[in-house]
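Peer 1: To convert, note that position 173 of the sequence shown is 294 in the working numbering; the numbers rise steadily by one, no gaps.
No residue lacks a Cβ here, since even glycine has one placed at the ideal position from N, Cα and C.
Keep in mind the model is a prediction, meaning the values are calculated, not measured.
Okay, here's the structure, questions in a sec.
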Amino acid sequence: MAAVHDPGAHDIVQEISEQNEGYAKDEYHKDDKGKGMYWTAQYRDDASLAEMMECDRPPFWADNAEPPDVPHAISPEILAGLAYERMKVPSLKAKLAPAGASKVNLPTWVWLDSSQLEPVSVTATLAVGGFAMSATTTAKPVRLAIRPGTADARTLPAGGTCPVGGGGAIGEPFAAGKADRTPPCGVTYLKSSGDAAYRLQTAVTWDTAWTGTGGAGGDLPDGTYGQPQDVQVREIQSVNR
Numbered sequence: 122m123a124a125v126h127d128p129g130a131h132d133i134v135q136e137i138s139e140q141n142e143g144y145a146k147d148e149y150h151k152d153d154k155g156k157g158m159y160w161t162a163q164y165r166d167d168a169s170l171a172e173m174m175e176c177d178r179p180p181f182w183a184d185n186a187e188p189p190d191v192p193h194a195i196s197p198e199i200l201a202g203l204a205y206e207r208m209k210v211p212s213l214k215a216k217l218a219p220a221g222a223s224k225v226n227l228p229t230w231v232w233l234d235s236s237q238l239e240p241v242s243v244t245a246t247l248a249v250g251g252f253a254m255s256a257t258t259t260a261k262p263v264r265l266a267i268r269p270g271t272a273d274a275r276t277l278p279a280g281g282t283c284p285v286g287g288g289g290a291i292g293e294p295f296a297a298g299k300a301d302r303t304p305p306c307g308v309t310y311l312k313s314s315g316d317a318a319y320r321l322q323t324a325v326t327w328d329t330a331w332t333g334t335g336g337a338g339g340d341l342p343d344g345t346y347g348q349p350q351d352v353q354v355r356e357i358q359s360v361n362r
């Protein structure tokens, strides 16, 4: 190992020495076990240098109570952000009827069962010494958007947005005896797809919010996720005598 002269090393050593002197004044709180703790900076993996500099400060002592009153100290809102980043909601595939090829001018039923639309929650917790804090983020499905994949179609309802119903489902499953009914959620194709298929897109919007220690809480950005499906549309064949 080669020794390298660093002109600024003296200043660094002096800073460390001054910090140690500050800790030593309180004898490093050796008689305060269980009454508090030292806090230090923890950087995110994706933090920029500027963000790191904003949180650049030596470790400091704080009594067990509320979070220390310093900029960027951990809070329920910060924990909520961490929980939000780790939240994974399902990318749902809507159910269609008919399951095979759809027919021109006849509605295609679109729905999602309530079992597919359960809320998703993630909780982030900080519990150390006599300090405890947590925040929970929850995403709830609120509506389904339908994009038929062609201008030659009508969505049901007309705006192409189907809300979650009172039973927690979106739309209504097709069943025998409903052939003459108009589905609460669906699409009617007005033109055959020929030898190809239309790319039907259905996507669920999840309304997201958080609650945390001390009654804190608020809204978080919504997310919209779904899976496209190929839908073949055929002309209704008839035989004239």
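Would you grab the beta carbon distance between glycine 307 and valine 231 for me? Rounded to a whole angstrom, and I think it's under 8 angstroms.
Peer 2: The pair is a contact, with the Cβ atoms about 5 angstroms apart (cut-off 8 angstroms).
Peer 1: Could you spell out the range, first to last residue, of the beta strand (DSSP E) harbouring isoleucine 267?
Peer 2: That run of the beta strand (DSSP E) goes 252–268.
Peer 1: First and last residue of the alpha helix (DSSP H) that includes methionine 174?
Peer 2: That run of the alpha helix (DSSP H) goes 170–175.
Peer 1: Whole angstroms are fine: how far does the CA of serine 314 sit from the CA of lysine 216?
Peer 2: If I take the Cα positions, the gap works out to 20 angstroms.
Peer 1: To the nearest angstrom, how far is it from the Cα of aspartate 177 to the Cα of proline 192?
Peer 2: Cα to Cα, the separation comes out at about 11 angstroms.
Peer 1: Please classify histidine 126 as buried or exposed, where buried requires at least 16 other C-beta atoms within 10 Å of its C-beta.
Peer 2: Summary for histidine 126: the model assigns pLDDT 36, below 50, so the residue's position carries little reliability, and this model does not support an answer.
Peer 1: If we define contact as Cβ-Cβ less than 7 angstroms, is leucine 200 a contact residue for chain C?
Peer 2: Reference to chain C is not applicable here, since this structure consists of a single protein chain.
Peer 1: What does a CB cutoff of less than 6 angstroms around phenylalanine 295 pick up in its chain, not counting 5 residues either side in sequence?
Peer 2: Counting only Cβ-Cβ distances below 6 angstroms, and skipping sequence neighbours, we find Ala218, Trp230.
Peer 1: Which residue from Phe252, Arg268, Leu227 puts its Cα closest to that of lysine 299?
Peer 2: Lysine 299 has its Cα closest to that of Leu227, out of Phe252, Arg268, Leu227.
Peer 1: Can you give me the C-alpha to C-alpha distance between methionine 158 and glutamate 206, rounded to a whole angstrom?
Peer 2: Spanning the two alpha carbons is a distance of roughly 28 angstroms.
Peer 1: Just to confirm, is the Cβ distance from glycine 288 to proline 305 under 7 angstroms?
Peer 2: For glycine 288 and proline 305, no; Cβs fall outside 7 angstroms.
Peer 1: Return the first residue and the last residue of the alpha helix (DSSP H) that leucine 233 is part of.
Peer 2: Careful: leucine 233 lies outside any alpha helix (DSSP H), inside the beta strand (DSSP E) at 228–233.
Peer 1: Between the beta-carbon of valine 225 and the beta-carbon of tyrosine 310, is there less than 7 angstroms?
Peer 2: Result yes, Cβ atoms of valine 225 and tyrosine 310 sit closer than 7 angstroms.
Peer 1: In the DSSP assignment, what are the bridge partners of proline 179?
Peer 2: In DSSP, proline 179 forms no bridge with anything.
Peer 1: Am I right that leucine 233 and leucine 213 are in contact with their C-beta atoms under 8 angstroms? What's the rounded C-beta distance?
Peer 2: With 8 angstroms as the limit, leucine 233 and leucine 213 qualify as a contact, their Cβ atoms being about 6 angstroms apart.
Peer 1: My understanding is that arginine 264 touches threonine 323, with C-beta atoms under 8 angstroms, so please give their C-beta distance in whole angstroms.
Peer 2: Not a contact, Cβ separation roughly 11 angstroms.
Peer 1: Specify whether the segment 268–282 and the segment 241–255 touch according to this definition: at least 3 beta carbon pairs, one from each stretch, less than 8 angstroms apart.
Peer 2: Taking 8 angstroms as the limit for Cβ pairs, the verdict is that the segment 241–255 does not touch the segment 268–282.
Peer 1: I'd like the ranges of any beta strand (DSSP E) spanning at least 3 consecutive residues and lying wholly in the segment 272–347.
Peer 2: Listed in chain order, the complete beta strand (DSSP E) runs (minimum 3 residues) inside the segment 272–347 are 274–277, 282–284, 307–310, 319–333.
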